[in-house]
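Chemist:
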Amino acid sequence: MEPFPQSQAGVVDDFSQVDRCKDFLYMGTPPRGYFSTSLKKICQRYVNKPRFVTLYDPQKHIPIYSAYIFKKSDGEKRVDIPWMFEPQLATEKGSSNMEPFPQSSLMHKNFEDTQAVLEDYADVVQYERGQMNPDEHQADPLDKAATYTLTNVVPLIREFNFGPWSTQVEVTRKRLNNYCHGKAYVITGVTTSGNMIRRDNLDRVAIPEFMWTAYCCTDYDHNAPYSERYKFPAFGAYGLNDRVNNHMVEVPIKNLEKFLKGKMEVDKNFQIFYSDCVSDA
């Protein structure tokens, strides 16, 4: 196997086949137990560098999860980035880097079979583009820019996105900023129940039923107040993507996994982090 072509892949067979893509996963290991064989693994490259990874559903046109390394940040968002798409979902010959959507919406038809396009989000005022790897959890301008690909986005109800979900993003940011000394690996994902955004009488984009997120940080401040310390080395949260009853529930990883097993097509060995983020050290 020649190393060079593999190092230039965006859509990959295995996160570990591309230099530095498995680095976004604790112990280089992705969540295990997903059934579907149609899901696509994306090494999210921007300006020739991997920025995070995504497990993508080319039929539902949404990410199932994005996995990234949290960077200490001030929580500010970038506002100058055009939305992007993943060329290699449409054709293996496509660029390995995410690219801005072409100006002409006619061009979008070339890749709308395999992923969401801007038109899918244009006329659905009740939904916002919710980032799985949120801009606010990155610090480097290019890492922040890379979060603006629609392959990192799901439709979130406005009230949930601007309320409980954005609050959780901020709670996690402050906790990891303050108490995580080493690398913090974060995975954010969805469950779906069949509801879809439709366009031109076609099902286009799956609407998440629940959003969930989990982090793993084995090198943390053991002198943190107990109210924060017991949420290390790993903790999770989930919330209903709805206008009401949409509060986030913070839970230990095992509890989150148990909850998700009842909501997703995963087997009994479903595991978010290798060994549940229990360090061998």
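The sequence shown maps to residues 373 to 653 in the numbering used here.
Glycine included, each C-beta is placed from N, C-alpha and C at the ideal position.
Cα-Cα, which of Trp455, Ile569, Glu500 is closest to Gly535?
Modeler: Locating residue 535 in the sequence shown gives position 163, where the first residue counts as 1. Per the Cα distances, Glu500.
Chemist: Distance check for Pro459 and Lys633, CA to CA, integer angstroms please.
Modeler: As a first step, residue 633 must be located in the sequence shown, where it is residue number 261. As a first step, residue 459 must be located in the sequence shown, where it is residue number 87. Going from the Cα of Lys633 to the Cα of Pro459 covers about 32 angstroms.
Chemist: Report the option in Thr563, Pro624, Lys516 whose CA atom is closest to the CA atom of Lys421.
Modeler: Residue mapping note: residue 421 aligns to position 49 of the sequence shown, counting from 1. Residue Lys516 is the option with its Cα nearest to Lys421.
Chemist: Give the DSSP-derived three-state secondary structure of Val525 in the structure shown.
Modeler: Stepping through the sequence shown from its first residue, residue 525 is reached at position 153. Three-state DSSP puts Val525 in a strand.
Chemist: Looking at Asp492 and Arg576, is the spacing between their C-beta atoms short of 8 angstroms?
Modeler: As a first step, residue 576 is located in the sequence shown; it is residue number 204 there, counting from the start. As a first step, residue 492 is located in the sequence shown; it is residue number 120 there, counting from the start. It is a contact, given that the beta carbons lie within the stated cut-off.
Chemist: Per DSSP, what kind of secondary structure is Arg571 in: helix, strand or coil?
Modeler: Here residue 571 is taken as the residue at index 199 of the sequence shown, counted from 1. Three-state DSSP puts Arg571 in a strand.
Chemist: Please state whether DSSP places Ser599 in a helix, a strand or coil.
Modeler: The sequence position of residue 599 within the sequence shown is 227, counting from 1. Note: Ser599 maps to helix in three-state DSSP.
Chemist: Does DSSP classify Trp584 as helix, strand or coil?
Modeler: Against the sequence shown, residue 584 aligns to sequence position 212. Here Trp584 sits in strand by DSSP.
Chemist: Asp639 lies in the beta strand (DSSP E); which residues open and close that run?
Modeler: Here residue 639 is taken as the residue at index 267 of the sequence shown, counted from 1. Start and end: 638–643.
Chemist: Using 10 angstroms around the beta-carbon of Gln416, count the other beta-carbons present and answer buried if the total reaches 16, otherwise exposed.
Modeler: Residue numbering aside, residue 416 sits at position 44 when the sequence shown is read from its first letter. So Gln416 counts as buried.
Chemist: Between the alpha carbons of Phe631 and Glu484, how many angstroms are there, rounded?
Modeler: Position 259 of the sequence shown, counted from the start, is the residue given in the question as residue 631. Position 112 of the sequence shown, counted from the start, is the residue given in the question as residue 484. Computed Cα separation, rounded: 32 angstroms.
Chemist: By alpha-carbon positions, which one of Arg570, Met456, Tyr551 ends up nearest to Val497?
Modeler: In the sequence shown, the residue the question calls residue 497 occupies position 125. Of the listed residues, the one whose Cα sits closest to Val497 is Arg570.
Chemist: Is it true that the region 547–567 meets the region 592–606, where meeting means three or more beta-carbon pairs spaced less than 8 angstroms apart?
Modeler: Touching, yes.
Chemist: What is the C-beta distance between Arg450 and Glu531, in whole angstroms, given that I count them as a contact (C-beta under 8 angstroms)?
Modeler: The residue you call residue 450 lines up with position 78 of the sequence shown. The residue you call residue 531 lines up with position 159 of the sequence shown. About 24 angstroms; that fails the 8 angstroms criterion.
Chemist: When you compare each of Val383, Phe582, Asp572 to Asn617 by their alpha carbons, which one comes out closest?
Modeler: If you number the sequence shown from 1, residue 617 lands on position 245. The shortest C-alpha separation from Asn617 is found at Phe582.
Chemist: Thinking just about the alpha-carbon of each residue, which of Gly566, Val623, Pro624 is nearest to the one in Met636?
Modeler: Numbered from its first residue, the sequence shown carries residue 636 at position 264. The residue with the shortest Cα to Cα distance from Met636 is Gly566.
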